[in-house]
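Here's the structure we're looking at; comments come further down.
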Amino acid sequence: MADIAARVTLREITADSVRAVMALAVNEHQTRFVAPNAWSLGQALFAPEAWYRAICLDGAPVGFVMLADQTLLDPMPAHPQVEVWRLMVDARHQRQGIGRAAMLQVIAHVRRKGGVDRLRISYVPGPGSPEPLYRSLGFEPTGEMDEDEVVMALPLGQA
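If you read the sequence shown in the working numbering, its first letter stands for residue 1, the second for the next number, and so on.
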């Protein structure tokens, strides 16, 4: 899995790649965990804090990630927060380390921004949830719930 990380990139979604990103889907039993990409892209159009990218393997879209990044707001809050709003890897590309590689790049992106003390993420609990992946990356439960989702955070060591 170490070499797959070098093959995974986060790329801006363009007119040339948007259809491929919208066609990506998780396994049927995972649909309760993440919204379809078309829904997420539509939501991003009306959310100035949305930062989103195609997760690519060897240049081809295989997943999608979207952040709610308050540092993009104008005016920016005094203590901006960043949260992973969506993360998905297409059913055909799961269990290869792509999600982990993408999340490591997201974490590095947020750390480079500075001014953010932790990265938040949430998940719907249950069999097949992404909780083990998030824990393995250092995320810990905050004790908060966002409707039916457990909220976790990763300290970034900065303020």
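Note that CB positions come from ideal geometry on N, CA and C, so glycine has one too.
Quantities reported herein were computed from a predicted structural model and do not represent experimental measurements.
Look at LEU156 and VAL110 and say whether their C-beta atoms are less than 8 Å apart.
Position 156 of the sequence shown, counted from the first residue, corresponds to residue 156. Position 110 of the sequence shown, counted from the first residue, corresponds to residue 110. Closer than 8 Å, so yes.
Identify, in the order they occur along the chain, each residue of the same chain with its Cβ nearer than 7 Å to the Cβ of LEU57, setting aside the five sequence neighbours on each side.
The sequence position of residue 57 within the sequence shown is 57, counting from 1. Shown here for LEU57: same chain residues with a beta carbon closer than 7 Å to its own, the five before and five after excluded, namely ARG7, VAL8, HIS93 and ILE98 in chain order.
Nearest to ALA60 (by Cα), restricted to the options ASP90, PRO36 and ARG135
Counting from one through the sequence shown, the residue named residue 60 turns up at place 60. Taking ALA60 as reference, the option from ASP90, PRO36 and ARG135 with the minimal CA-CA separation is ASP90.
I'd like to know if the stretch 71–88 and the stretch 110–129 are in contact, where contact means that at least 3 CB-CB pairs between them fall below 8 Å.
When C-beta atoms of the stretch 71–88 are compared with those of the stretch 110–129, three or more pairs fall below 8 Å, so the two segments count as touching.
When you compare the CB positions of VAL34 and TYR52, do they come within less than 8 Å of one another, or not?
The count along the sequence shown starts at 1 and reaches residue 34 at position 34. The count along the sequence shown starts at 1 and reaches residue 52 at position 52. 8 Å or more divides the Cβ of VAL34 from the Cβ of TYR52.
Quick one: using the 10 Å Cβ neighbour count with 16 as the cut-off for buried, is ALA16 buried or exposed?
Translated into the one-based positions of the sequence shown, residue 16 becomes position 16. Here residue 16 turns out to be Asp, not Ala, going by the sequence shown. ASP16 is exposed by the Cβ-count criterion.
For MET88, collect the residues of the same chain with a Cβ closer than 6 Å to its Cβ; drop the 5 residues on either side in sequence, then sort them by chain order.
Your numbering for residue 88 matches position 88 in the sequence shown. Closer than 6 Å at Cβ, skipping near neighbours: VAL26, VAL34, GLY63 and PHE64.
Would SER129 pass as a contact of VAL151 if the rule is Cβ separation under 8 Å?
Numbered from its first residue, the sequence shown carries residue 129 at position 129. Numbered from its first residue, the sequence shown carries residue 151 at position 151. No, Cβ-Cβ distance for SER129 and VAL151 is not below 8 Å.
Taking C-beta to C-beta, are ALA50 and ALA44 nearer than 8 Å?
Walking along the sequence shown from the start, residue 50 turns up at place 50. Walking along the sequence shown from the start, residue 44 turns up at place 44. A contact, by the Cβ cut-off of 8 Å.
Using only the alpha-carbon positions, how far apart do ASP69 and PRO141 sit?
Here residue 69 corresponds to residue number 69 of the sequence shown, with the count starting at 1. Here residue 141 corresponds to residue number 141 of the sequence shown, with the count starting at 1. Here the alpha carbons of PRO141 and ASP69 stand approximately 20 Å from one another.
In the DSSP assignment, find the unbroken beta strand (DSSP E) run with ASP144 in it and report its ends.
For this step, residue 144 is matched to residue 144 along the sequence shown. Per the sequence shown, residue 144 should be read as Glu rather than Asp. For GLU144, the enclosing beta strand (DSSP E) covers residues 140–146.
Relative to the alpha-carbon of ALA5, which residue among ILE13, GLU12, VAL106 and LYS113 has its alpha-carbon at the smallest distance?
Here residue 5 refers to the residue found at position 5 when the sequence shown is read from its first residue. It is VAL106 whose Cα lies nearest to the Cα of ALA5.
Go ahead and pull the three-state DSSP assignment for MET245.
This structure leaves residue 245 out entirely; the chain is present only between 1 and 159.
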